[in-house]
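Asker: Counted from 1, the sequence shown has number 94 at position 95 by numbering that gives the first Met the number 0; the numbering is strictly sequential. This structure is in structure tokens; I'll ask about it shortly.
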Amino acid sequence: MPTSFPDFRLGRVLATSFTATLTERQGDAVERIPTPGRLVDWLAVSGLAVESCTPGQLDRARELRESIHAAATAAARRDPLPEPAVRVINDCSTQGRAAAVLTAEGARHWRLGSTSAVADALGVIAADAISIVAGERDGRLALCASPTCRAAFFDTSRSRTRRWCDMNTCGNREKKARFRAAAHDRSGPGPGPGRGPGPGPAT
Ligand SMILES: [Zn+2]
């Protein structure tokens, strides 16, 4: 039996939910789709169920993921989009053969082709990324304020002032850090361990 894998961090936006399968990119990175089976699991909970996934398809998925991350980061910074990333996103989008279908209840479902369904799922994710990077959806691309994260996320808050990719993780950690810093300030600097100028700038 497999041991436990890192949990998924699912959001409401498909493309950035996908980029969040690698977290803490600027710190100790956590790979949340470490095996083809975990990509199958992630696709299933994201409405893109596939029967199986090969190691090569997982590689392709990660290539798309990092391309979306690069393009979304550039868009958030208003930098030019990196050409290789755009190429991968477009290749995945054009190679997918998923069809949007309307259910009787009025919901949209994705119907994937029977063969190479992972490519179809990646096509849906790539198209979702395109709609965000192109600014077609109501929201704003921003970068997480956590220095070990810096994930690109899609801010749909009314005020467009969201600072963290995820309130329960990055946001919560920063709040705790600020609380600790405030408590430390109240207790005074103290004699300290005498290791020079201290731990460096608190960023
Ligand atoms: Zn974050």
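Cβ atoms here follow ideal geometry from the backbone N, Cα and C, with glycine treated the same way.
Where does L142 sit, in a helix, a strand or coil, going by DSSP?
Answerer: Correct three-state label for L142: strand.
Asker: Where does D119 land, buried or exposed, given buried means 16+ other C-beta within 10 angstroms?
Answerer: Per the 10 Å Cβ criterion, buried.
Asker: What are the start and end residues of the alpha helix (DSSP H) that includes E178?
Answerer: Checking the displayed sequence, the identity of residue 178 turns out to be Phe instead of Glu. F178 -> alpha helix (DSSP H) spans N171 to S186.
Asker: Tell me which residue opens and which closes the alpha helix (DSSP H) that F17 is part of.
Answerer: Its alpha helix (DSSP H) spans residues L13 to T18.
Asker: Pop quiz: I88 and A74 are said to be a contact at Cβ under 8 Å. What is the actual Cβ separation, rounded to whole angstroms?
Answerer: That pair is no contact at about 12 Å.
Asker: Thinking just about the alpha-carbon of each residue, which of T20, R24 and Q25 is nearest to the one in L38?
Answerer: For the residues T20, R24 and Q25, the minimum Cα distance to L38 belongs to T20.
Asker: Listed in chain order, which residues are found with a beta carbon closer than 6 Å to a heavy atom of ligand 1?
Answerer: Listed along the chain, these residues meet the criterion: C143, S145, C148, A150, W163, C164, D165 and C169.
Asker: Secondary structure at A120, three-state DSSP: helix, strand or coil?
Answerer: A120: helix per DSSP, three-state reduction.
Asker: Let's see if you can read the secondary structure: which residues bound the beta strand (DSSP E) around D40?
Answerer: First-last for D40: P35 to V44, but that is the alpha helix (DSSP H), not the beta strand (DSSP E).
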